Structure formats: structure tokens, C-alpha cells
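What follows is a short report on a single structure.
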């Protein structure tokens with residue numbers, strides 16, 4: 017069964033009349049892309065690429081919002097995405113700045129009376145001018161109070177809306193507010209419309225996008241308040257954008273540095289020929305095995321991963337603790353290595369060993385001369401057999417110092 021639509025851009029000031037179009041398809045798609053049967057050209061992209069559909073089912077027509085970003089209204093009421101709403105003659109469909117008036121057509125071969133379009137239905141004179149004037153006034157009021165008290169700003173916006181709606185009848189007031197809502201998406205305006213006018217039948221439930229924006233701003237202020245005092249200054253879009261940019265750049269440096277530190281620690285463990293230093297990977301921890309900052313960032317911030325926030329935080333704390341103890345352990349290990357070297361080359365120990373092994377013939381100058389020869393031989397061994405020197409002679413000293421620091425971690429954790 018065919019139907020027709022009168023399609024009008026409600027803010028068009030060129031004086032063009034509504035466009036009349038007839039359709040016979042069972043499914044008529046509405047959206048911004050030219051692949052739709054009804055293309056609504058919208059440079060401001062309020063209209064989604066695929067926004068809504070009109071479907072014919074058992075000689076009746078139904079309107080469906082197919083998951084648009086900014087919503088669809090039928091006679092002023094918002095539609096739930098994916099749900100079918102029956103269309104009746106003269107129904108008004110609001111999508112962004114466009115108003116579509118629906119009229120079923122009389123099928124050929126029937127004697128139905130044609131639908132009469134009343135003046136009240138198609139008379140929108142003055143709506144575009146009123147909308148533009150109201151938008152200008154709202155924008156000025158918002159800009160004048162950007163740095164001021166948020167409650168004062170909300171009250172001012174609410175008062176402007178009340179005065180504008182009071183001058184119109186119910187239908188035109190509802191339509192005007194719907195257009196303003198589409199053109200003025202600031203969270204303060206949207207929330208004020210909910211909070212200040214709950215009894216007003218023209219008030220609609222805030223969209224998920226508005227709720228998310230408000231939650232994001234409150235969360236941002238809460239985060240900022242942990243580190244500096246003037247967190248309330250994050251009220252303007254410019255201030256919020258600048259703060260997000262700062263957070264992005266700081267996180268980039270921090271995560272990149274963490275990735276480099278973890279990579280260096282792994283290389284130390286793989287290249288150091290002392291088993292006692294290979295303790296970094298003994299406890300399962302995804303941060304210690306991933307490659308690069310992107311993988312670390314995904315594990316830390318992606319809320320879709322299976323790990324709980326508590327597990328992610330515990331793993332991050334474990335990595336930082338290991339990295340800090342690694343540096344302290346290195347110092348302690350090399351300190352013990354130095355003690356080991358000094359012990360290996362201790363003159364008194366070498367001279368005593370010569371006396372013990374040489375008997376009565378190794379006393380006095382002879383013992384000291386033999387000890388000097390032993391010192392030279394020990395020095396040659398330490399210098400020429402570097403790998404064996406560290407693994408068999410100095411390694412145990414390093415391990416003792418390195419593990420002494422790691423044992424402290426076990427005691428405190």
C-alpha cells in the first residue's frame with residue numbers, strides 16, 4: 017500500500033516549501049547516506065547514516081528507529097531503538113532538523129475518501145525563526161556563564177526555555193523544544209531540562225550519550241581533585257579537552273617507560289648467567305610477558321578483558337615492586353662481588369695459605385715471596401677466565417647480595 021511524506025527542513029530560512037514524496041516499497045529506509053530511499057542531507061550529522069525505517073505489515077505502517085545516535089520522535093515522543101510504532105494519518109516524524117508528515121494513500125480501485133490535510137497540521141510558520149532566536153539566546157547565556165557557577169547557568173537556561181515554550185501552544189512548544197534539544201547538545205542544557213521541569217509533558221528522558229558525558233565530566237573532576245585544587249575549572253569544553261590531552265601525553269610517557277623497564281629486566285634475566293637472578297618470571301604476571309606499550313596499556317585500561325580491576329592493580333604493583341627491588345638487588349649483589357674479590361686477593365689469607373702448605377720452609381721472607389706469586393696467579397685467573405670467575409667464584413657472592421633484597425620482599429608482602 018503506498019504512502020506519501022511531506023519532508024521539511026524546519027530551520028531552512030530560504031523559504032522552500034515542504035517536499036512531497038510517494039513510496040510503494042514495503043520497507044523505506046531513512047538516513048543521511050544516499051543508499052537510503054529517503055536521504056536527509058545533514059552536514060551537522062545529527063541524522064545517522066541509517067537512522068530509521070518505515071515498514072508495511074498487514075496493511076499497516078510502522079516506524080522503527082534502527083539504532084540512531086540522536087534518536088527519532090513520533091508526534092514529539094522519543095522512540096526506543098528497534099521497537100515498532102504504528103503510524104497513523106498526519107503523524108509527525110522528527111529526525112534532527114527534519115520533520116516528516118505521514119499520509120497513507122488510497123490504493124487504486126478503492127472508494128476511500130482522500131485524507132484531508134488540515135492547516136493546523138502543516139502550518140509551521142515562524143518555527144524556524146523562533147528556533148534560531150532561541151538557540152542564539154541559549155548560546156549567549158551559556159557562553160556568558162561558562163566560567164561562573166554551574167547552578168546559576170542551569171537556572172538561566174531553564175528560564176529561557178520556560179519563556180519560549182510559554183508563548184506557544186502545546187504542540188508547537190513540544191516541537192520547538194525537540195528541535196532545540198537536537199541543536200543544543202550541551203549536558204548542562206539537557207540535564208536542566210530534566211531537573212527543572214519534571215511535570216512538563218514535553219520533557220524527555222536524557223539520552224545515554226548525555227548521561228555518559230555527565231558521568232565523564234564528574235569523574236574527570238574527581239580525578240583532578242586528587243592532584244590539584246582548582247578541579248572545578250574543568251567546566252568548559254576547552255578546559256576538559258586540554259586536560260584530556262595532558263592525561264593522554266602523560267600516560268603515553270609512563271606506559272612507554274614501563275614497557276622499556278620491563279623489557280630491560282627480562283633481558284637482564286635472560287643474559288645473566290646466575291640462576292638466582294631469574295626470579296622475575298616465577299610468579300605469573302601478564303605485564304611481565306607482553307611486548308610493547310600498547311599491549312601493556314590494553315591490559316591496564318581495556319574494561320572488556322576478563323581480569324578484574326583488583327587483579328590488574330595487583331599485577332601493576334607487583335611489577336613496580338620487582339623493578340624497584342631489582343635496582344637495589346643489583347647494588348647489593350655487586351657489593352658482595354667486591355667483597356668476594358677482596359677476599360680472593362687478601363694478602364694475609366694468601367700468606368697464611370703458603371705457610372700452611374709449605375711447612376717450616378715457608379716462613380718470613382720466603383712465605384711472603386710465595387704469597388706474592390700466589391697473588392699474581394690468582395689475579396691472572398680472575399682476569400683471563402672471566403666467565404668461570406663470575407659463575408663459580410663471584411657469582412655466589414652476587415647471588416647472596418641480590419637474594420637478600422628479594423627476601424625482604426617476601427617478608428613484607
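Numbering (my numbering), first residue to last: 17 to 429. Beta carbons are placed, not taken as given, at the ideal position from N, Cα and C, and that holds for glycine. Predicted model only: the values in this text are computed from it and were never measured.
- Around the beta carbon of residue 263, fewer than 16 other beta carbons lie within 10 angstroms, which makes this residue exposed.
- In this structure, the CA atom of residue 116 is about 10 Å from the CA atom of residue 56.
- Here the alpha carbon of residue 60 sits roughly 12 Å from the alpha carbon of residue 86.
- Straight-line measurement puts the Cα of residue 347 at about 35 Å from the Cα of residue 242.
- Secondary structure note for residue 302: its alpha helix (DSSP H) is the uninterrupted segment 302-305.
- In this structure residue 111 is in contact with residue 46, their Cβ atoms being roughly 7 Å apart against a cut-off of 8 Å.
- As the crow flies, the alpha-carbon of residue 20 is around 21 Å from that of residue 95.
- About 17 Å separates the Cβ atoms of residue 328 and residue 339, ruling out a contact at the 8 Å cut-off.
- DSSP, read as helix, strand or coil, puts residue 180 in helix.
- If you draw a 10 Å sphere on the C-beta of residue 81, you find 16 or more other C-beta atoms in it, and that means buried.
- Judged by DSSP in its simplified three-state form, residue 45 adopts strand.
- Going by beta carbons, residue 157 and residue 176 fall inside the 8 Å limit.
- In this chain, the alpha helix (DSSP H) harbouring residue 310 covers 309-317.
- Residue 179 has its alpha-carbon roughly 43 Å from the corresponding atom of residue 75.
- Look at residue 62 here: in three-state DSSP terms it is coil, with no helix or strand label.
- By the neighbour-count criterion, in which a residue is buried when 16 or more other Cβ atoms sit within 10 angstroms of its Cβ, residue 310 is exposed.
- When the five nearest sequence neighbours on each side are left out, the beta carbons in the same chain lying within less than 6 Å of the beta carbon of residue 22 are those of 34, 36 and 117, in order along the chain.
- Counting along the chain, no alpha helix (DSSP H) covers residue 82, and no H or E run does either.
- The three-state secondary structure of residue 18, taken from DSSP, is coil.
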